[in-house]
Amino acid sequence: MNSSNKTLAALAAHAESSVGNQRRLQRAKAVLPVRISGNDISGKSYSELVHTLDVSRSGVRLGAVRRQLEVGSLVVLQYRQHKSEFRVVWTKPLGSGAEQQVGLEADAQKDMWGLDVNATPRSQAAESASGSRAVVGA
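Mapping to this note's numbering: the sequence shown position 50 is 53, numbers consecutive.
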């Protein structure tokens, strides 16, 4: 193998190992109303209603966050009667910047969502057979 092929092989191996490390647990798409509270980037305390976009046992992606949160800061998330502390791991401004998505990670794995995030989605054939999805003919 020549040196350029060795370099490409090394880059591919690194990319595969990096991708595998980014997400330890399977996520589930779920839009759920939650309350987030903590201190924003200016140090002012807040409590606001937002919603989840994806959830897992150790993290969550939030949408409709209107506060500027600092990466590394701690927030409390409440869903129904469940409360848990999370650390802000990333923020992503959307559009004009008034709203952002936020990635949160919990210190301990906890299923506060009541969802089986390890379940695989049913196939469309199974959904059609069970009658849970209407099939429109062409």
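Where a beta carbon is used, it is the ideal one built from N, C-alpha and C, also for glycine.
Please read these numbers as outputs of a predicted model, since none were measured by experiment.
Could you tell me which of Val37, Lys47, Ala111 and Glu88 sits nearest to Val68, measuring between CA atoms?
-> Val37
Ala109, DSSP secondary structure in three states = strand
Helix or strand or just coil, what does DSSP make of Arg26?
-> Low local confidence applies: a pLDDT of 49 at Arg26 is under 50, so the model's placement there is unreliable, with the coordinate-based value given in what follows. Correct three-state label for Arg26: coil.
Start-to-end residues for the beta strand (DSSP E) that takes in Glu51 | Ser48 to Val58
Are the region 95-104 and the region 73-80 in contact at 8 Å, needing three or more beta carbon pairs?
-> no
Trp93 by DSSP, collapsed to three states: which one?
-> strand
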